[in-house]
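Just so we're aligned, residue 4 is where the sequence shown starts under my numbering, counting upward by one.
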Amino acid sequence: MSAAALGLLVGLPLGVVLHRGDFCMHSALREALRRAPGPSVRAYLLALAIQLAGVNALAGLGLLEVSPPGVAAVAAALGGVGFGVGMVLGKG
């Protein structure tokens, strides 16, 4: 299975759940910095732990190649700008 197909298979359901749950990364980080970490921070850490375990399991089974041949600096910069624009538009 290609990395793009796997990303869609995992990313779409996760996106739907995060959207339906009104999860906001900015709010979670603000919550963690201003007071004791609450449910938003725990949800983020749980998602991170699941992702780490999932990627390592898929790589271990040979279903996912995790070592790309190189990093395209222009693509990374454009992706960062696109992400930033999306965060501003989403008021995140």
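Cβ atoms here follow ideal geometry from the backbone N, Cα and C, with glycine treated the same way.
Discussion item. I'd like to know if the region 46 to 55 and the region 25 to 35 are in contact, where contact means that at least 3 CB-CB pairs between them fall below 8 Å.
Written reply: In short, these stretches touch, since the Cβ pair count reaches three.
Discussion item. Rounding to the nearest angstrom, what Cα-Cα distance links residue 19 and residue 76 in this structure?
Written reply: Sequence index remark: in the sequence shown, residue 19 carries index 16 (1-based). Sequence index remark: in the sequence shown, residue 76 carries index 73 (1-based). Between residue 19 and residue 76, the alpha-carbon positions lie close to 30 Å from each other.
Practice prompt. Give the single residue among 69, 91, 81 and 92 whose Cα lies nearest to the Cα of residue 5.
Written response: In the sequence shown, counting from the first residue as 1, residue 5 sits at position 2. Minimum Cα distance to residue 5 is reached at 69.
Worksheet item: Do you know offhand how far residue 61's Cα is from residue 15's?
Response: The residue you call residue 61 lines up with position 58 of the sequence shown. The residue you call residue 15 lines up with position 12 of the sequence shown. If you take the alpha carbons of residue 61 and residue 15, they lie about 18 Å apart.
Worksheet item: How about residue 9 and residue 81: do their beta carbons lie closer than 8 Å?
Response: As a working mapping, residue 9 is identified with position 6 in the sequence shown. As a working mapping, residue 81 is identified with position 78 in the sequence shown. In this structure, residue 81 does not lie closer than 8 Å to residue 9 by Cβ.
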